[in-house]
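First comes the structure, then the notes that go with it.
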Amino acid sequence: DAAADLSPDDDSRAARRLAGIEARWLAGETEAVLRAGRPLVAAEPDPLRRARLAVPVGQAVLWWEGPAAGARYLTAEADRVGGVDAVLAGYLDLYAAQSHLLALDPRAVVDAASRAGAHGLAAGDVGVSFMAQALEGLGRLLVGEADTADRMLAPLTDMCPALLGAQVEGASAMAQVLSFAHIAAERWDAARELIVGVIAEGERTGHVGMTTLAHDQLGELEWRQGRWAEAAARITHALTLAEGQDQDQPLVHQGHLRLARIDAVRGRTAAARPVATVALEVGRRTGWRSLVIWAHEVLALAADADGGPGDALPHTEALSVISADQGIRHPGVLWWQAAHVEALAAVGRTADAHRALDTLRSDAAAAGGRWPVAAVARGEAVLAADPARAAERLDEAVDLLAGLGAGFELALTLLARARLHGSAARAAGRGAGAAAHADAAAHDLGEAHARFVQLDARPWADRAAQAARLDDPARPPRPPAPPVLAATLTDAEMRVALAVGGGASNREAADQLFLSVKTVDSHLQSIYRRLSIRSRSQLAALVARELGPAG
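Right, here's the structure in full:
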């Protein structure tokens, strides 16, 4: 600021002020960007200098005041500079599209991205054009136009790793958009490759927000894969990166919600609920609908953990209403639809359950993917009048979820199938087929119980054990190997264990975790003592046993 004040001319003064604003933005100082930058934008007479300042300031408006305010600000500035510089107008419209994305308004995302694409085409700027194509593709994916989205996103996915490797400006933002789409569409290897590239770029440039959001995305992927210990350690690390930012920012609440979700499914509902309740209020007040839906997801899981599927209904109904109002038709965005059908059925609202299933069936047919089809099968099973039909649908769901590698969802489906077989065995009494149903129930209960214990999903592990005692008191579920890592290690030790157990050297682990090699060595010795092991190979075996192979 002092250098800008001492500058000899308007251009150098403006350049130094812009550099200061951008440095604050990269460091995550959102409030400082707004406080210093907004008056500069308003006072700047030159349209080009004004637009350049408006790019970081508009993003700060988004993060500080909410998506609706951010979109309005960015769109107005794009319109103001559109006749002067199409590239700057394109970037401002791109950030407006991202604002609409966080407000869960996919049609507005498509519209803003289309405007940005037109600016990019007019200017011959491939960076703006590619990013606009990525955002429009994601918007179309969300509204259920999966085939169109695939045609738009596939070529960008092919070229993005090379763009990241070449450190092309804007490649990281495009990679984050693409990875969001790939997680929803179950292209998990592609998503992971892109997110890892974004993390590396964020670390290189010191862009705190980019790095934090990328770790959050990877944590979401690990959640779906049942790698909960790894996800918890990653999100804890992301929150550590965000410690210098205002703790009431939505991105910080988002990280706390990710941890609260894991708390909820592990039975720590008293810790999860306050986090979700606060985030829900923040999301409603600021228009961050993404926060609102994640908060309802946590509250639904906590209600199910404490009571059962029917107790989750108020929150799954909220998710249903928001999705319908916003036109979100892709079931892979957030996995709640199967639980919603089951909750409606649990409280006897059969007609509503059938209507919810019809919507899910239509959306799944458009989206494709294993989870949406498995969710339909679960819904059809719970509503089937014929037990044989229900068993057939659950068989299909188990096969799909096993192939996908969705550990918690698979365990839930195994538990449902076990209960179905248990009911059939009790109904058959001593008749033909009773033994076969009893054996099938015991097998599924043992498998479900082992998976729940492995995940440390205690409420559901207890339900599986209780069902086994009901079906056959003499044959409880087979005891699985108990979870060790999450129950034994501190968060800091967990991060080191995951890095070293995944094959990193101490130096590589130190670089990944922003630690000194000495600190990694110290944590590693503590890990060995706590786990009663002596070698890296033993640690790698424990990590692989509890988390599965790295993917």
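Position 244 of the sequence shown, counted from 1, bears residue number 241 in our numbering, the numbering being contiguous throughout. The beta carbon of each residue, even a glycine, is placed where N, CA and C say it ideally should be.
Give the straight-line distance between the Cα atoms of residue i and residue j, rounded to the nearest whole angstrom.
i: G426; j: L539; result: 43 Å
i: L442; j: E278; result: 39 Å
i: I530; j: S111; result: 57 Å
i: G304; j: W457; result: 11 Å
i: D260; j: R542; result: 21 Å
i: T347; j: A309; result: 16 Å
i: R367; j: R265; result: 30 Å
i: D76; j: S96; result: 16 Å
i: A131; j: A394; result: 31 Å
i: R414; j: A257; result: 28 Å
i: L331; j: G500; result: 31 Å
i: A228; j: G428; result: 47 Å
i: C157; j: I180; result: 16 Å
i: L135; j: T410; result: 29 Å
i: I325; j: V58; result: 25 Å
i: E28; j: W61; result: 7 Å
i: T313; j: R14; result: 48 Å
i: P546; j: D82; result: A caution first: P546 carries a pLDDT of 46, below 50, which makes its placement in the model too unreliable to give a value.
i: D459; j: Q251; result: 29 Å
i: S534; j: L495; result: 13 Å
i: A143; j: A363; result: 7 Å
i: A182; j: L89; result: 28 Å
i: R224; j: A454; result: 12 Å
i: A68; j: A93; result: 4 Å
i: R416; j: A464; result: 7 Å
i: A421; j: D383; result: 11 Å
i: A461; j: A302; result: 13 Å
i: L218; j: D322; result: 26 Å
i: A230; j: R423; result: 44 Å
i: R221; j: A66; result: 32 Å
Under 7 Å Cβ to Cβ from residue i, same chain only, skipping five residues before and after it: list those, please.
i: S126; result: G114, G117, L118
i: V38; result: R47, L50, A51, V54
i: A437; result: H418
i: Q334; result: P328, L357, A372
Grab the span of the alpha helix (DSSP H) containing residue i for me, first residue to last.
i: P36; result: 27 to 40
i: Q334; result: 334 to 343
i: W285; result: Run containing W285: none; DSSP gives neither H nor E here.
i: Q251; result: 247 to 262
i: I319; result: 310 to 323
i: D355; result: 347 to 364
i: E62; result: 44 to 62
i: S502; result: First-last for S502: undefined, no H or E at that position.
i: I232; result: 225 to 238
i: D453; result: Premise fails: D453 is in no alpha helix (DSSP H) and is neither H nor E.
i: R527; result: 514 to 528
Please work out which residues of its chain come closer than 8 Å, Cβ to Cβ, to residue i, disregarding the five sequence neighbours upstream and downstream, and give them in chain order.
i: E490; result: H520, S523, I524, R527
i: Q173; result: L191, I192, V195, M207, L210, A211, Q214
i: I18; result: V30, A33, G34, L37, L50, P53, V54
i: A507; result: S513, V514, T516, V517
Residues in the same chain with beta-carbon distance under 6 Å from residue i, minus the five sequence neighbours each way, listed in chain order, please.
i: G548; result: Summary for G548: the model assigns pLDDT 39, below 50, so the residue's position carries little reliability, and this model does not support an answer.
i: P247; result: W285, L288
i: A168; result: L160, L161
i: E377; result: R390
i: A178; result: L135, L138, L150
i: V338; result: A350, A353, L354, G376
i: L85; result: A48, V78
i: D122; result: V84
i: M128; result: L91, G167, M171
i: A146; result: G134, R137, L138
i: T283; result: G63
Beta-carbon of residue i versus every beta-carbon of chain B: anything under 9 Å?
i: A143; result: In the displayed structure, chain B is absent; only one protein chain is listed.
Review point. Of all the beta strand (DSSP E) runs that stay within the bounds of the region 155 to 208, which reach a length of 3 or more residues?
Key: none
Check your understanding: Taking the runs of the alpha helix (DSSP H) that are 4 residues or longer, which of them lie wholly in the region 366 to 421?
Key -> 367 to 380, 384 to 401
Practice item. Note down, one range per segment and in chain order, each alpha helix (DSSP H) of at least 4 residues found wholly within the region 59 to 126. Key: 64 to 78, 83 to 99, 103 to 120
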